[in-house]
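Everything below concerns the one structure shown next.
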Amino acid sequence: MGNNQSKIANSDCFSDDYLFQQIRNGQYEAMELFFNRYYAPLCRFGLIYESNSCLVEEQVADIFIQLWNNRNILDKIKNPKSYIYVVVKNSLKKARKSEQFHQQIDETKTIGIMFSPSREQEIIENEQKEINTNLIRGILDIIPKKSRQAFELSRVDGLKYKEISVILNITPKTVENHIAVALKCISKALETCKKEEY
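Residue 4 is where the sequence shown starts when you use the numbering used here, and the numbers rise one by one after that.
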């Protein structure tokens, strides 16, 4: 048992390539480590393509299942990190049509809630909780989509410009330009917020 704990505690020491090799060899523990390493960042990344967080979580989980089921072909993948991000991006683009249908259903539900007095207090409380979240989203929403993607992949997920260029299918120089645009937008938005406070 102590041996397993030390393996899990030192999971950061394992490279993605090593984990992929172990997954290919049928080592489920390596699959769990890879999942734990990338599930949350991939869900956050997926929200750029898809606003429904439940759908994103479901799609990302499915991708890990597919990865395990197709582990025999993992030796063909040169950069596991870029690969998994690209798979998530492509999967969510395909799922977008399905999400538009779900969105129409959600809008109908929202209309029903709006006319239900018993839910009024709950709606007000939820709005209060979301004020800070909306402020952050508001700043992120003013950043052009590609620039926001590049910025989050770099600053939040810690990917290198070269890896981001593979995921977004652009040159590393374009990645650099997108991040510069994002930083400019954030800087302006924060200045505006400070002015409004005083």
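Where a beta carbon is used, it is the ideal one built from N, C-alpha and C, also for glycine.
For the pair residue 85 and residue 66, the CB atoms are not nearer than the 7 Å cut-off. Excluding sequence positions up to five before and after residue 78, its CB lies within less than 7 Å of the CB of 27, all in the same chain and listed in chain order. Looking only at 71, 54, 16, the smallest Cα-Cα distance to residue 38 is reached by 71. If you draw a straight line from the Cα of residue 82 to the Cα of residue 40, it is about 15 Å long. Of the residues assessed, residue 188 falls on the buried side of the cut-off, its CB having 16 or more other CB atoms within 10 angstroms. For residue 52 and residue 149, the gap between their C-alpha atoms comes out near 11 Å. Separation of the CB atoms of residue 45 and residue 87 is rounded to 7 Å, and the pair is thereby assigned contact status at 8 Å. Residue range 31-49 is occupied by the alpha helix (DSSP H) that includes residue 44. Taking C-beta atoms under 8 Å as the contact rule, residue 192 and residue 171 fail to qualify, at a distance of about 23 Å.
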